[in-house]
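Residue 1 is where the sequence shown starts when you use the UniProt record's numbering, and the numbers rise one by one after that.
Where is the CB? At the ideal position from N, CA and C, for every residue including glycine.
To start, the structure itself, in structure tokens.
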Amino acid sequence: MSTTPLAPDTPARATPERRRSPWRQLAADFGRSPVALAALIVAILLVLAAIFAPFIAPQNPYDLLQLDVLDARLPPGSMNSAGTHAYWLGTDGQGRDLYSAMLYGLRLSLSVGLGSAVIAGVVGTVFGLIAAYAGGKIDSLIMRLVDLLLAFPSILVAMMLLAFLGKSVTNVVLTLVLIEWAYYARTARAQALVEARREYVEAARSLAIPNWRIVLVHMLPNCLPPLIVVGTLQVARAITLEATLSFLGLGVPITEPSLGLLIANGYQTMLSGEYWTSVYPGLALLAILVSINMVGDRLRELLNPRFVK
């Protein structure tokens, strides 16, 4: 029996190139915009500064024992009354180190903005998916409520709610959730209506898969891209609303100053030459809002269904 020898140099079969995951592709596309990447870095640095504020702030602005009235309204670079350290950004009317107060204020503003956006996102997404999947009277009832909330200016609704609930961080978060969930619900419903007509949903129904599983396991992941965009922009919007309410005296209490409250406190004396008490917190607020909005705009360009092939 004869045998045929194998060819000595048999070329190896070319392996197909591994396809990138959608999230890695999104990160790669996001990095192609230097402006958006710089905004993301600024936002991350500000978030880290807020998280580690108790460790990097030279003073705890909430501790009355660390405050000295003799140090009130000192200009940037001044030494404290004991001559032991300098206030690089000056002090406010209560003698608080403005740099420390800004770090803690940034922490509170971001906590309120992120917390309200996440809670509103969960609530709004659930109602939007229910409206799209159930249809009929349930859909009409939920969307009429959404239209009613969106018909009034957000700041007006927030002022009325806080005038009734009172000033506290919890009430501010609750107010922002009641205002913001409608935006998520409308977006989730619109995207879910598109997904409900897909073949995979019809196939899941024909297999008698429970409705909750179809919505949560199959439809929800495909509705996330536009919801991520809305969530990013709503964080900046929530921070803006909180700062506006605090500036008007309706937001967080004076014992827990946010950036908006710091601006309000410094605004009263800014025209007399004490610009730092209002300008520096305003610049910090501007930096976080601009960076988050630029990141959100870039994500909208990449995740908007009209541009996704």
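Check: Contained alpha helix (DSSP H) runs [length at least 4] in the segment 113-173, N- to C-terminal order; Outcome: 136-150, 154-165
Check: Own chain, CB closer than 7 Å to residue 35, minus 5 neighbours either side, in chain order; Outcome: 294
Check: Exposed unless 16 or more other CB atoms sit within 10 angstroms - verdict on residue 147; Outcome: exposed
Check: Nearest-angstrom Cα separation, counted from residue 300 out to residue 132; Outcome: 23 Å
Check: Cβ pair residue 123, residue 238 closer than 8 Å; Outcome: no
Check: Spatially closest choice to residue 142 from 95, 190, 91, 210, by CA coordinates; Outcome: 190
Check: Segment limits, alpha helix (DSSP H) that includes residue 222; Outcome: 220-247
Check: Distance CB(residue 90)-CB(residue 276) smaller than 8 Å; Outcome: yes
Check: Rounded Cβ spacing between residue 180 and residue 116 (contact assumed at less than 8 Å); Outcome: 6 Å
Check: Close-in-space but distant-in-sequence residues of the same chain around residue 281 (CB under 6 Å, 5 per side omitted); Outcome: 102, 259, 262, 263
Check: Beta-carbon proximity of residue 195 to residue 222, cut-off 8 Å; Outcome: yes
Check: Run of the alpha helix (DSSP H) containing residue 215, from where it starts to where it stops; Outcome: Careful: residue 215 lies outside any alpha helix (DSSP H) and carries neither H nor E.
Check: Sub-8 Å separation of residue 161 and residue 170 beta-carbons; Outcome: no
Check: Residue range of the unbroken alpha helix (DSSP H) whose run includes residue 291; Outcome: 276-303
Check: Beta-carbon proximity of residue 298 to residue 33, cut-off 8 Å; Outcome: yes
Check: Pick from 206, 202, 157, 207 that is closest to residue 219, judged by C-alpha positions; Outcome: 202
Check: Cβ-Cβ distance between residue 312 and residue 155 below 8 Å; Outcome: Given that the chain is displayed from residue 1 to residue 309, the structure contains no residue 312 and the question cannot be resolved.
Check: Which listed residue (138, 125, 98, 74) has its alpha carbon closest to that of residue 273; Outcome: 74
Check: DSSP bridge partner residues for residue 79 (one or two, in chain order); Outcome: 86
Check: Residue range of the unbroken alpha helix (DSSP H) whose run includes residue 69; Outcome: Here residue 69 belongs to no alpha helix (DSSP H), and DSSP marks it neither H nor E.
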